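In our numbering, the protein residues as written are 25 to 146. By construction, the Cβ of each residue, glycine as well, lies at the ideal position given by its N, Cα and C atoms. No experiment lies behind these values; they were computed from the predicted model shown. Here the structure is laid out as structure tokens; the discussion comes afterwards.
This is the structure:
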């Protein structure tokens, strides 16, 4: 059951972090959204802190982001090239839409990461 709870915490954290960033998301909100008693400390049975949770969520979502080669739209030799291109672009947009929560989190966290290119170049 612990794995189920851990995954549930990660699922709700993905949505909450994408909406507001990790800094603005209290652990009690994560617990409540995951069906745990807010303030009970249940969160800490699965993650040391929010930073560990954030890293786990990002790692999981990046591993899920690997594009499935089967998602490549098959070329129809009888279709006009513009139609084939339009089908491929729509498929690619669906793929990007699935990445939207991860992209939102990375945008929220970009200035909070000490080794990010935007902060280390300054």
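- Secondary structure of residue 77 (DSSP, three-state): helix.
- C-alpha of residue 134 to C-alpha of residue 127: approximately 10 Å in a straight line.
- Note that the stretch 28-35 does not touch the stretch 115-123; fewer than 3 beta-carbon pairs, one per stretch, sit closer than 8 Å.
- One alpha carbon belongs to residue 114, the other to residue 105, and they sit about 14 Å apart.
- Cβ neighbours of residue 66 within its own chain (closer than 7 Å, five residues either side excluded): 55 and 60.
- Around the beta carbon of residue 86, a 10 Å sphere encloses fewer than 16 other beta carbons of the protein chains shown; the residue is thus reported as exposed.
- Cβ contact annotation for residue 78 (same chain, cutoff 6 Å, sequence separation greater than five): 46, in chain order.
- Listed in chain order, the non-local C-beta contacts of residue 39 below 8 Å within the same chain comprise 57 and 125, local neighbours out to five positions each way being set aside.
- The beta-carbon separation of residue 81 and residue 37, rounded to 5 Å, stays under the 8 Å limit for a contact.
- For the pair residue 62 and residue 108, the Cα-to-Cα distance works out to about 51 Å.
- Annotation for residue 126: the continuous alpha helix (DSSP H) segment containing it runs 124-133.
- Distance from the CA atom of residue 50 to the CA atom of residue 72, rounded to whole angstroms, is 14 Å.
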